[in-house]
Amino acid sequence: MNIVMFGPPAAGKGTQAKLLTAQRGLIQLSTGDMLRAARTSGSDLGKKVAGIMDRGDLVSDEIVIALIEEQLDINKGAPGFIFDGFPRTVEQAKALDTSLELRDQKVDGVIRLCVDDNVLLARIEKRFKEEGRKDDNPESFKIRLGNYHEQTAPLLPFYAAQGKLTEVDGLAEIDTVASAIDQILDMQKSDIKKTAKPWWKRIFGG
Ligand code: AMP
Numbered sequence: 008m009n010i011v012m013f014g015p016p017a018a019g020k021g022t023q024a025k026l027l028t029a030q031r032g033l034i035q036l037s038t039g040d041m042l043r044a045a046r047t048s049g050s051d052l053g054k055k056v057a058g059i060m061d062r063g064d065l066v067s068d069e070i071v072i073a074l075i076e077e078q079l080d081i082n083k084g085a086p087g088f089i090f091d092g093f094p095r096t097v098e099q100a101k102a103l104d105t106s107l108e109l110r111d112q113k114v115d116g117v118i119r120l121c122v123d124d125n126v127l128l129a130r131i132e133k134r135f136k137e138e139g140r141k142d143d144n145p146e147s148f149k150i151r152l153g154n155y156h157e158q159t160a161p162l163l164p165f166y167a168a169q170g171k172l173t174e175v176d177g178l179a180e181i182d183t184v185a186s187a188i189d190q191i192l193d194m195q196k197s198d199i200k201k202t203a204k205p206w207w208k209r210i211f212g213g
């Protein structure tokens, strides 16, 4: 089962993705974490993206798509993936569909965490004070939020048109959000079972 955890920065995507990893054995693929790891390692990629990330801008589609494809190959045979912070543009979403199709997989569902912008600004102010993440400073965060509305939100109609989008109130307590997601995934799992073709049809067609 492959799930896209969707929402603006600081909506709680990473927290929920980690819970699902623990409960369902799905693998969390966070492009933000991968890019931060590249920076910490001091690699060429890390140096290339550092300024862009600190400003709060998006790194190129090419870079993040390559990171995701690499992980899909490394984790072949995994029970499924939770995409966290990816895709963030329509181009990325289309590339993800193609990459999964090439591996006989697809995006099974998209969970949108709905959180009001003002709540996000308050949350991030607190996180900036506690953790000091450079791109959480008020100027960068406004750019990140702006990029979300301009470049990422257009994915909502893209996934809604495919009947894959479900919305969850991201303002609720972490446990409440988690159990809402749990219910959605259980329903999706039974839908996948109902629609899955038997192995002989997958091999011989029909
Ligand atoms: P995140 O931790 O997901 O908020 O990501 C932190 C930063 O990494 C973002 O503000 C972007 O600069 C970069 N980034 C992460 N994921 C993507 C993506 N899918 N596309 C472009 N840039 C990304």
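Read in my numbering, the sequence shown has 162 at position 155, and its numbers run on one by one without any break. Ideal Cβ positions, reconstructed from N, Cα and C, are used throughout, including at glycine. This one's a predicted model, so the numbers in the text were calculated from it and none came from an experiment.
* May I ask whether a heavy atom of ligand 1 can be found less than 6 Å away from the beta carbon of Pro-164? => Position 157 of the sequence shown, counted from the first residue, corresponds to residue 164. At a cut-off of 6 Å, the beta-carbon of Pro-164 does not count as near ligand 1: no heavy atom of the ligand is closer than that.
* Is it the case that the Cβ atoms of Ile-75 and Met-12 are separated by a distance below 7 Å? -> Mapped onto the sequence shown, residue 75 falls at position 68. Mapped onto the sequence shown, residue 12 falls at position 5. Against a cut-off of 7 Å, the Cβ pair of Met-12 and Ile-75 comes out as no contact.
* **Cβ separation of Leu-79 and Ser-106, assumed to be a contact under 8 Å, to the nearest whole Å** => As a first step, residue 79 is located in the sequence shown; it is residue number 72 there, counting from the start. As a first step, residue 106 is located in the sequence shown; it is residue number 99 there, counting from the start. Going by Cβ atoms, the distance from Leu-79 to Ser-106 rounds to 6 Å, so yes, they are a contact pair.
* Asked: Which same chain residues, not among the five before or five after Met-41, have their C-beta less than 7 Å away from its C-beta?
  -> Numbered from 1 along the sequence shown, position 34 holds the residue referred to as residue 41. Taken in chain order, the residues that qualify are Leu-74.
* Distance between Gln-23 and Val-184 (C-alpha atoms, nearest Å) -> One-based indexing of the sequence shown puts residue 184 at position 177. One-based indexing of the sequence shown puts residue 23 at position 16. When rounded, the separation of the alpha-carbon atoms in Val-184 and Gln-23 is 8 Å.
* Distance between Pro-164 and Glu-174 (C-alpha atoms, nearest Å) -> Taking the first residue of the sequence shown as position 1, residue 174 is located at position 167. Taking the first residue of the sequence shown as position 1, residue 164 is located at position 157. Taking the straight line from one Cα to the other gives about 13 Å.
* Proximity below 7 Å, CB of Asp-143 to CB of Arg-134 -> Looking up residue 143 in the sequence shown gives position 136. Looking up residue 134 in the sequence shown gives position 127. Cβ atoms of Asp-143 and Arg-134: closer than 7 Å.
* To do: Would you kindly work out how many angstroms separate the C-alpha atoms of Gly-53 and Leu-27, rounded to a whole number?
  => For this step, residue 53 is matched to residue 46 along the sequence shown. For this step, residue 27 is matched to residue 20 along the sequence shown. Looking at the two C-alpha atoms, the distance is approximately 28 Å.
* **Nearest neighbour of Asp-61, chosen from Ala-18, Ala-100, Pro-145, Ser-186 [CA to CA]** => Here residue 61 refers to the residue found at position 54 of the sequence shown. Asp-61 has its Cα closest to that of Pro-145, out of Ala-18, Ala-100, Pro-145, Ser-186.
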